[in-house]
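Novice: One structure is given below, represented as structure tokens, and several questions about it will come after.
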Amino acid sequence: MERRTVLITGCSQGGIGSALAEAFHQRGFHVFATARKTEKMTHLRDLDWMTLIPLDVTQESQISAAVELIQKHTGGTLDYLVNNAGDGYIIPVLDCDQVHGRQIFEVNFWGPLRMIQEFSPLLIAARGTIVNINSVASETLPLWLGIYSSSKAALLALSETLRLELKPFGVQVLSVMTGAVQTMIFQTNYRLPPDSAYVAWEKQIAAQAEGSEQASRMSATVYAERVVGDILNRRGGITYRGQMASFAYWVVALMPRFLRDLVTVKMAGIS
Numbered sequence: 006m007e008r009r010t011v012l013i014t015g016c017s018q019g020g021i022g023s024a025l026a027e028a029f030h031q032r033g034f035h036v037f038a039t040a041r042k043t044e045k046m047t048h049l050r051d052l053d054w055m056t057l058i059p060l061d062v063t064q065e066s067q068i069s070a071a072v073e074l075i076q077k078h079t080g081g082t083l084d085y086l087v088n089n090a091g092d093g094y095i096i097p098v099l100d101c102d103q104v105h106g107r108q109i110f111e112v113n114f115w116g117p118l119r120m121i122q123e124f125s126p127l128l129i130a131a132r133g134t135i136v137n138i139n140s141v142a143s144e145t146l147p148l149w150l151g152i153y154s155s156s157k158a159a160l161l162a163l164s165e166t167l168r169l170e171l172k173p174f175g176v177q178v179l180s181v182m183t184g185a186v187q188t189m190i191f192q193t194n195y196r197l198p199p200d201s202a203y204v205a206w207e208k209q210i211a212a213q214a215e216g217s218e219q220a221s222r223m224s225a226t227v228y229a230e231r232v233v234g235d236i237l238n239r240r241g242g243i244t245y246r247g248q249m250a251s252f253a254y255w256v257v258a259l260m261p262r263f264l265r266d267l268v269t270v271k272m273a274g275i276s
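Count along the sequence shown from 1, then add 5; that gives the number in my numbering.
Given below as structure tokens:
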């Protein structure tokens with residue numbers, strides 16, 4: 006029996022992509038795991054049917070090279086494309102560096118779009134599935150995450166439009182709205198700009214940026230197992246995974262906006 010194939014972006018050790026790569030591998034897939042630097046995926050190197058590819062989703066030449074490589078491996082098909090690579094940015098909107106902000110959109114929005122466009126012939130040939138790893142922040146809109154949340158909200162709108170546009174070709178699109186998950190992707194020694202209007206709340210913002218609540222988050226392994234189950238059992242749409250993800254869904258769906266505002270401000274630790 007021919008192995009099913011999956012390409013996953015952002016598979017550096019300690020992150021969600023790495024856990025997804027291992028979960029798919031355990032299910033018998035040929036996994037194409039990518040990261041900007043392959044030395045960040047050495048923990049996956051010795052696994053059979055695990056192909057490591059250097060890939061920066063902001064670089065079209067690297068995406069084209071990945072397409073060519075996978076075409077040679079599979080004969081021109083790809084069953085699953087998982088757009089996981091992403092960058093965070095915790096900063097009050099007034100303090101946002103616009104060059105940095107544009108880079109967040111390059112990685113979180115334009116990167117997945119580039120991947121989808123370039124790999125679409127392989128996905129259509131396989132009647133495959135596109136999976137975009139999103140965030141509940143795109144709906145709950147927490148403080149200090151305005152730029153990041155905006156990039157993920159744009160990705161959600163793109164995904165839902167694609168879900169309908171790709172139906173005639175038999176390609177499914179699934180958005181995974183991710184809650185709190187344990188990863189190694191946090192900042193250290195966080196500081197606001199010295200002239201920030203928010204210096205009175207720097208301690209609270211820094212705690213969020215530095216991942217002070219890691220222990221209460223869902224492990225990446227558990228998250229990945231559940232997400233892979235969703236991917237293999239669903240026919241597109243939206244799923245919620247990670248600590249507090251389902252709660253976030255119900256808050257957005259049922260809670261009046263004024264109450265959501267109160268909760269959001271309280272969780273940010275400001276008055």
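Just so you know, even glycine gets a beta-carbon here, dropped at the ideal spot from N, CA and C. From a predicted model like this one, the values you see are computed outputs, not experimental measurements.
State buried or exposed for Trp255, treating a residue as buried only when at least 16 other CB atoms are found within 10 Å of its CB.
Specialist: Trp255 is exposed by the Cβ-count criterion.
Novice: Just to confirm before moving on: does the CB-CB distance between Ala202 and Leu99 stay below 8 angstroms?
Specialist: yes
Novice: List, from N- to C-terminal side, the beta strand (DSSP E) runs of 3 residues or more that fit wholly inside the region 46 to 119.
Specialist: 55 to 59 and 85 to 88
Novice: Is DSSP giving Gly242 helix, strand or coil here?
Specialist: strand
Novice: Thinking just about the alpha-carbon of each residue, which of Arg8, Ala253 and Met55 is nearest to the one in Glu27?
Specialist: Met55
Novice: Identify every residue that forms a DSSP beta bridge with Phe37.
Specialist: Bridge partners of Phe37: Leu12 and Thr56.
Novice: Hey, Ala70 and Tyr228: beta-carbon distance below 8 angstroms or not?
Specialist: no
Novice: On the three-state DSSP scale, how would you describe Met249?
Specialist: In the structure shown, Met249 sits in coil (DSSP, three-state: anything other than H, G, I, E or B).
Novice: Please list, in chain order, all residues of the same chain as Ser156 whose beta carbon is under 6 angstroms from its beta carbon, the five residues on each side excluded.
Specialist: So the list reads Ile109, Phe110, Asn113 and Phe114, once near-sequence residues are dropped.
Novice: What residue from Val141, Gln122 and Thr183 has the CA that sits closest to Leu171's CA?
Specialist: Comparing Cα positions, the closest option is Gln122.
Novice: Give me the Cα-Cα distance between Arg240 and Gly133, rounded to the nearest whole angstrom.
Specialist: 10 angstroms
Novice: What span of residues does the beta strand (DSSP E) with Asn210 cover, start to end?
Specialist: What sits at residue 210 in the sequence shown is Ile, not Asn. Segment Glu207 to Ala214 is the alpha helix (DSSP H) holding Ile210; no beta strand (DSSP E) there.
Novice: DSSP three-state call for Val204: helix, strand or coil?
Specialist: helix
Novice: How many Å lie between Leu128 and Phe174 at the Cα?
Specialist: 9 angstroms
Novice: Within the region 151 to 199, note down every full beta strand (DSSP E) run reaching 3 residues or more, in order along the chain.
Specialist: Scanning the region 151 to 199 from its first residue to its last, the whole beta strand (DSSP E) runs of 3-plus residues come out as 177 to 183.
Novice: Tell me which same chain residues have a C-beta within less than 6 angstroms of the C-beta of Ser154, skipping the five on either side of it?
Specialist: Result list for Ser154: Ala142, Ser143 and Leu146, in chain order.
Novice: Excluding five sequence neighbours on each side, which residues of the same chain lie with their C-beta closer than 7 angstroms to the C-beta of Ile243?
Specialist: Ser180 and Met182
Novice: If we count the other Cβ atoms within 10 Å of its Cβ and call it buried at 16 or more, is Arg168 buried or exposed?
Specialist: Buried.
Novice: In chain order, what residues of the same chain lie with their CB nearer than 6 angstroms to the CB of Ile152, ignoring the 5 residues before and after it?
Specialist: Tyr94, Cys101, Gly106 and Ile109
Novice: Tell me, please, which residues DSSP counts as bridged to Ile138.
Specialist: Val181
Novice: For the alpha helix (DSSP H) holding Met272, just list the boundary residues, first then last.
Specialist: Arg262 to Ala273
Novice: Within this structure, are the beta carbons of Thr10 and Leu74 separated by less than 8 angstroms?
Specialist: no
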